[in-house]
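*Asks:*
Chains as they are written, first to last, in the working numbering: chain H, 1 to 224; chain S, 1001 to 1215; chain A, 2001 to 2243.
#1: Classify residue 66 of chain H: buried if its beta carbon has 16 or more other beta carbons within 10 angstroms, exposed otherwise.
#2: Taking only the alpha-carbon atoms, compute the straight-line gap between residue 29 of chain H and residue 144 of chain H and give it to the nearest angstrom.
#3: Tell me the residue span of the alpha helix (DSSP H) that contains residue 225 of chain H.
#4: Beta-carbon of residue 209 of chain H versus every beta-carbon of chain A: anything under 9 Å?
#5: Quick one: what's got a C-beta closer than 7 Å to residue 105 of chain H's C-beta in the same chain, skipping five residues either side?
#6: Do residue 2076 of chain A and residue 2212 of chain A have their beta-carbon atoms positioned less than 9 Å apart in this structure?
#7: Between residue 2138 of chain A and chain H, is any beta-carbon pair separated by less than 9 Å?
#8: Could you compute how far the alpha carbon of residue 1211 of chain S sits from the alpha carbon of residue 1204 of chain S?
#9: Let me know the secondary structure DSSP gives residue 2242 of chain A once reduced to three states.
#10: Do residue 138 of chain H and residue 101 of chain H count as a contact pair if the criterion is CB distance below 9 Å?
#11: Whose Cβ in chain A lies nearer than 9 Å to the Cβ of residue 217 of chain H?
#12: Since residue 176 of chain H meets chain A, which of its residues come closer than 7 Å, beta carbon to beta carbon?
#13: If you count every other CB in all the chains shown that lies within 10 Å of the CB of residue 1062 of chain S, and 16 or more means buried, which is it?
#14: For residue 76 of chain H, does the three-state DSSP call read helix, strand or coil?
#15: Please report the straight-line C-alpha distance between residue 230 of chain H and residue 96 of chain H, rounded to a whole angstrom.
#16: Between which residues of its own chain and residue 2074 of chain A is the CB-CB distance below 7 Å, once the five residues before and five after are set aside?
#17: How should residue 37 of chain H be labelled, buried or exposed, when 16 other C-beta atoms within 10 angstroms of its C-beta is the threshold for buried?
#18: Using the Cα positions of residue 203 of chain H and residue 1187 of chain S, report the straight-line distance between them to the nearest angstrom.
#19: So the alpha helix (DSSP H) residue 26 of chain H belongs to, where does it begin and stop?
#20: Spatial neighbours of residue 178 of chain H within its chain, please: C-beta separation below 6 Å, excluding the five flanking residues on both sides.
#21: Less than 6 Å between C-beta atoms, sequence neighbours within five positions excluded: which residues of the same chain meet that for residue 4 of chain H?
#22: Here's a check: name, in chain order, each residue in its chain whose Cβ is nearer than 7 Å to the Cβ of residue 2188 of chain A, leaving out the five neighbours to either side.
#23: If you run the structure through DSSP and keep just helix, strand and coil, what is residue 130 of chain H?
#24: For residue 1175 of chain S, return the contacting residues in chain A, with the cut-off set at a CB-CB distance below 7 Å.
#25: Who are the Cβ neighbours of residue 74 of chain H in its own chain at under 7 Å, not counting the five residues just before and after it?
#26: By DSSP, does residue 158 of chain H sit in helix, in strand, or in coil?
#27: For the putative contact between residue 2141 of chain A and residue 217 of chain H, defined by C-beta atoms under 8 Å, what is the C-beta separation to the nearest angstrom?
#28: Leaving aside the five residues before and after residue 2115 of chain A along the sequence, list all residues of the same chain whose C-beta is less than 7 Å from its C-beta, in chain order.
#29: State buried or exposed for residue 2058 of chain A, treating a residue as buried only when at least 16 other CB atoms are found within 10 Å of its CB.
#30: Is the CB of residue 2149 of chain A under 9 Å away from at least one CB in chain H?
#31: When you compare the CB of residue 2213 of chain A with every CB in chain H, is at least one pair closer than 9 Å?
#32: Would you kindly work out how many angstroms separate the C-alpha atoms of residue 23 of chain H and residue 98 of chain H, rounded to a whole number?
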């Protein structure tokens, strides 16, 4: 269990740094909120159409804000050259990866916590009718996003065009995650229970499989 | 008058429950169907002004010439409903002289369904009348309006399907696309080959220059 | 010996192409049957009245199958590269992905044209089309990363290829139950293909397999030579012979 305790320590380190300055969280959350405001302008205010579009709005906000937060978090590591220190530390690489992924997941969840009430407020959609399902789907989605994102963000640290390459790499790989997330949210809004639980299961399986794959790939990709 | 006749013929095709007495051969005001007794000065009344009992209001010319024209209106042309029509005519006019089929002026190339639907679209009262006539008989059996619309749509689809099936446009497009991509890839490979040759030349030249300098 | 593999497959492929075209256009009948309730002719396999457009099938399906083979090869050789760190695996992965992008483009374009001919739309979000599009996007991302990510691009791209290969079943499961895709035979299985179409189909499969092998082998050789030139130059710089 030392791997997990090391991972927890690394995650807590990241979160404590973040708590001090709150830079990434504020910027990510504000960006997510701005996106919600933009959506309420650019989409027609027909209530039926809004209801159909809201799951997509929620998860696209998570995607964009999450990508920004991801690249910013690893920029911090790069600026202070702490990534090398982490990799040189006498702890398994897996715990470095798990710790980083954990902290990213918390940040993305924070964005979701900001964006969801804004969408509920601005667009008058009953997102909170089934809070258990909503929270579970957001947690699973954040975990999946953080896992895949951390692998490639860590690998791209030293690359010059990392800002544009990160979305190029991430989004095709994350599309099943977003489809599942939007399907869960849409099913929840429509009250379609079988659909909700099918796609929730899909999210769970996606997270599990990509956890295993990411653990293995991280060791190969991040060597400096 | 034409539109009414057409519609009722098409409805006769579409709904099997139509073969009932009194269900309406409409065209007792049919165009020039041996109805020389219709006064040319008086315009005949449209069919939907017919009285519920089957007779005509007194002001209508048909009222005077009904006996002569009764039951003779079902046209033989177009929708092949002659059997139903003449069955109707037979049951309806038992006892009247054998009706002659009117000389139905159906223009060549006209599509009965389309004409019927067009007339229904143009005149809402007429559409109402047709729908009531058929729904009154059919109740919940068939949504006649929908059936008519479906027939038109099906005809359009079949037309476009035949068009797609008989032209080779798409196959040629697909084959051209495949050849273009294949050619593109081959050109890409060839360019890489040329660049490689250049690279090797440069390397050779640099090596020669370096070893010459080294000496 | 390996020098002659690519020209050999190219030659076989050329013969195969001639055979295939001949078979497609002379031997395969236009199959149709009368459906009395709809009152129009439909293709015997039930995929709509395609008539001549059915011939696109012989181009489209082999390319799709080669696409999936190429992705499989790319995924496996990426795993091999990440594990053994031997650049030869990386060459094979790069070549496979390049060829997969080309074949994927043909699959998507011919599939789209077939969709227009058969269903009237250029694109619909149906299982196999969505899967192919997402796969193709991932492969293009692989090529971009290789090109623009600098020295560590090879590793990152290999990681992407592994993720893509693992993600394929998810994309497949994601697109929902009903499959409107035209089926190859009565069971959707190639083995149940109508016997009239079999010679042309197998001929086209063999042709495009040869074409696929030609392209892959050529690209592997090209990638290998590029790497060797690069390594030679670096060796020269290291030893100080070159500047």
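A virtual CB, placed ideally from N, CA and C, is assigned to each residue, including glycine.
*Replies:* Short version:
#1: As a position in the first chain, residue 66 of chain H is number 66, starting the count at 1. Around the CB of residue 66 of chain H, 16 or more other CB atoms lie within 10 Å, so the residue is classed as buried.
#2: As a working mapping, residue 29 of chain H is identified with position 29 in the first chain. As a working mapping, residue 144 of chain H is identified with position 144 in the first chain. Rounded to the nearest angstrom, the two C-alpha atoms are 19 Å apart.
#3: The structure shown does not extend to residue 225 of chain H, since chain H is modelled only from 1 through 224, so no value can be given for it.
#4: What you label residue 209 of chain H is simply residue 209 of the first chain in a count that begins at 1. At least one chain A Cβ lies under 9 Å of residue 209 of chain H.
#5: The residue you call residue 105 of chain H lines up with position 105 of the first chain. Sequence-distant Cβ neighbours of residue 105 of chain H in its own chain, meaning closer than 7 Å and more than five residues away, are 142, 143 and 146.
#6: The residue given as residue 2212 of chain A occupies position 212 in the third chain. The residue given as residue 2076 of chain A occupies position 76 in the third chain. Not closer than 9 Å, so no.
#7: Walking along the third chain from the start, residue 2138 of chain A turns up at place 138. So yes, residue 2138 of chain A belongs to the interface.
#8: Counting from 1 along the second chain, the entry for residue 1211 of chain S is found at position 211. Counting from 1 along the second chain, the entry for residue 1204 of chain S is found at position 204. A direct Cα-Cα distance of roughly 10 Å separates residue 1211 of chain S from residue 1204 of chain S.
#9: Against the third chain, residue 2242 of chain A aligns to sequence position 242. Residue 2242 of chain A: coil per DSSP, three-state reduction.
#10: For the purposes of this step, residue 101 of chain H is identified with residue 101 of the first chain, where counting begins at 1. For the purposes of this step, residue 138 of chain H is identified with residue 138 of the first chain, where counting begins at 1. In this structure, residue 138 of chain H does not lie closer than 9 Å to residue 101 of chain H by Cβ.
#11: Stepping through the first chain from its first residue, residue 217 of chain H is reached at position 217. Simply 2082, 2158, 2159, 2162 and 2163.
#12: One-based indexing of the first chain puts residue 176 of chain H at position 176. What residue 176 of chain H touches in chain A: 2167, 2170, 2171 and 2174.
#13: Start at 1 with the first residue of the second chain, and residue 1062 of chain S comes out as number 62. Buried, since its Cβ has 16 or more Cβ neighbours within 10 Å.
#14: Numbered from its first residue, the first chain carries residue 76 of chain H at position 76. Residue 76 of chain H falls in the helix class under three-state DSSP.
#15: No answer is possible for residue 230 of chain H: it lies beyond the span of chain H, which begins at 1 and ends at 224.
#16: Within the third chain, numbered from 1, the residue matching residue 2074 of chain A stands at position 74. Excluding sequence neighbours, residue 2074 of chain A sits near 2093, 2096, 2097, 2100 and 2161.
#17: Position 37 of the first chain, counted from the first residue, corresponds to residue 37 of chain H. Exposed, because fewer than 16 other Cβ atoms sit within 10 Å of the Cβ of residue 37 of chain H.
#18: By 1-based counting over the first chain, the position of residue 203 of chain H is 203. By 1-based counting over the second chain, the position of residue 1187 of chain S is 187. Distance between the alpha carbons of residue 203 of chain H and residue 1187 of chain S: 43 Å.
#19: Within the first chain, numbered from 1, the residue matching residue 26 of chain H stands at position 26. 23–42 is the extent of the alpha helix (DSSP H) around residue 26 of chain H.
#20: Mapped onto the first chain, residue 178 of chain H falls at position 178. Result list for residue 178 of chain H: 59, in chain order.
#21: Translated into the one-based positions of the first chain, residue 4 of chain H becomes position 4. Excluding its 5 nearest sequence neighbours in each direction, residue 4 of chain H has no C-beta neighbour in its own chain below 6 Å.
#22: Mapped onto the third chain, residue 2188 of chain A falls at position 188. Per-residue confidence for residue 2188 of chain A stands at a pLDDT of 43, beneath the threshold of 50, marking its modelled position as unreliable; the derived number appears in the next sentence. Contacts found: none.
#23: Counting from one through the first chain, the residue named residue 130 of chain H turns up at place 130. DSSP places residue 130 of chain H in coil when its eight states are reduced to three.
#24: Sequence index remark: in the second chain, residue 1175 of chain S carries index 175 (1-based). Residues of chain A passing the Cβ test: 2059.
#25: For the purposes of this step, residue 74 of chain H is taken as the residue at position 74 of the first chain. Spatial neighbours of residue 74 of chain H in its own chain (CB-CB distance under 7 Å, excluding positions within 5 residues in sequence) are listed in chain order as 153, 154 and 157.
#26: In the first chain, residue 158 of chain H corresponds to position 158, counting from 1. When secondary structure is reduced to three states using DSSP, residue 158 of chain H falls in the coil class, being assigned neither helix nor strand.
#27: In the third chain, residue 2141 of chain A corresponds to position 141, counting from 1. In the first chain, residue 217 of chain H corresponds to position 217, counting from 1. Under the criterion of beta carbons closer than 8 Å, residue 2141 of chain A and residue 217 of chain H do not qualify as touching, at roughly 15 Å.
#28: As a first step, residue 2115 of chain A is located in the third chain; it is residue number 115 there, counting from the start. Here the set comprises 2121, 2122, 2123 and 2124.
#29: Here residue 2058 of chain A is taken as the residue at index 58 of the third chain, counted from 1. Residue environment for residue 2058 of chain A: buried (at least 16 other C-beta atoms within 10 angstroms of its C-beta).
#30: What you label residue 2149 of chain A is simply residue 149 of the third chain in a count that begins at 1. Interface residue, yes.
#31: Along the third chain, one-based indexing puts residue 2213 of chain A at 213. No Cβ of chain H is located within less than 9 Å of the beta carbon of residue 2213 of chain A.
#32: On the first chain, residue 23 of chain H is found 23 positions in, with the first residue counted as 1. On the first chain, residue 98 of chain H is found 98 positions in, with the first residue counted as 1. When rounded, the distance between both Cα atoms is 22 Å.
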